[in-house]
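Peer 1: Numbering (our numbering), first residue to last: -18 to 161.
Backbone N, C-alpha and C define an ideal beta-carbon position, used for all residues, glycine too.
(1) Whose CA, out of 87, 85 and 68, lies closest to the CA of residue 133?
(2) What is the rounded straight-line gap between the Cα of residue 60 and the Cα of residue 149?
(3) When you compare each of 70, 63 and 156 to residue 145 by their alpha carbons, which one comes out closest?
(4) Return the CA-CA distance between residue 124 and residue 42, expressed in angstroms with no decimal places.
(5) Label residue 101 either buried or exposed according to how many other C-beta atoms from any shown protein chain fall within 10 Å of its C-beta, with 16 as the threshold for buried.
(6) When you compare only the Cα positions, how much space is there between residue 2 and residue 99?
(7) For residue 27, name the three-state secondary structure that DSSP assigns.
(8) When DSSP builds the beta bridges, which residues end up paired with residue 133?
(9) Buried or exposed: where does residue 105 fall if 16 or more other Cβ atoms within 10 Å of its Cβ makes it buried?
(10) Per DSSP, residue 233 is paired with what?
(11) Could you spell out the range, first to last residue, of the alpha helix (DSSP H) harbouring residue 63?
(12) Reducing DSSP to helix, strand and coil, say where residue 89 ends up.
(13) Residue 125 bridges to which residues according to DSSP?
(14) Less than 7 Å separating the beta-carbons of residue 159 and residue 118?
(15) Leaving out the 5 sequence neighbours to the left and right, which residues in its chain are closer than 7 Å to residue 16 when beta-carbon positions are compared?
(16) Taking C-alpha atoms, which residue in 122, 157 and 28 lies nearest to residue 52?
Here it is in structure tokens:
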């Protein structure tokens, strides 16, 4: 597939503008001041272009305040539209044989185009603990495991490394946040 007008082919159709539609909804509920449930969902789409962004995403967070300490768990999911995931997979998975003149450049351009597409199929589970240092400051420790399905826009591979589909990433973080 031609992904750039500098490459051989019939040309890539360009558009002057696109329209973005974003719909979000959320709830933050604390029935007793100790337990807290936060739920948020979003749908976004970029119209008038074949390589636009279209996805559904959401998360659920449950926490329980225990004095200055608040343990929490968060589950999240983001999934791009099927046509968008299929485009990224086609661009990554159809390399031309090296015997064809210019194949290396075309293959590289297709992989680069797939890597620039904002395409997702992933879910995460996070377990964390926040500690109130002061009324306006918290120390947070969190472990998060992200499962990558067929595609991800969050973990771009280094040149020459395999694409991280059907894998997982574990992140352990420690941070300080404050209000001012």
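Peer 2: Here's the rundown:
(1) 68
(2) 16 Å
(3) 70
(4) 14 Å
(5) buried
(6) 16 Å
(7) strand
(8) DSSP output for residue 133 lists no bridge partner at all.
(9) buried
(10) Only positions -18 to 161 of the chain appear in this structure, which leaves residue 233 out of reach.
(11) 63 to 74
(12) helix
(13) 107 and 152
(14) yes
(15) 45
(16) 122
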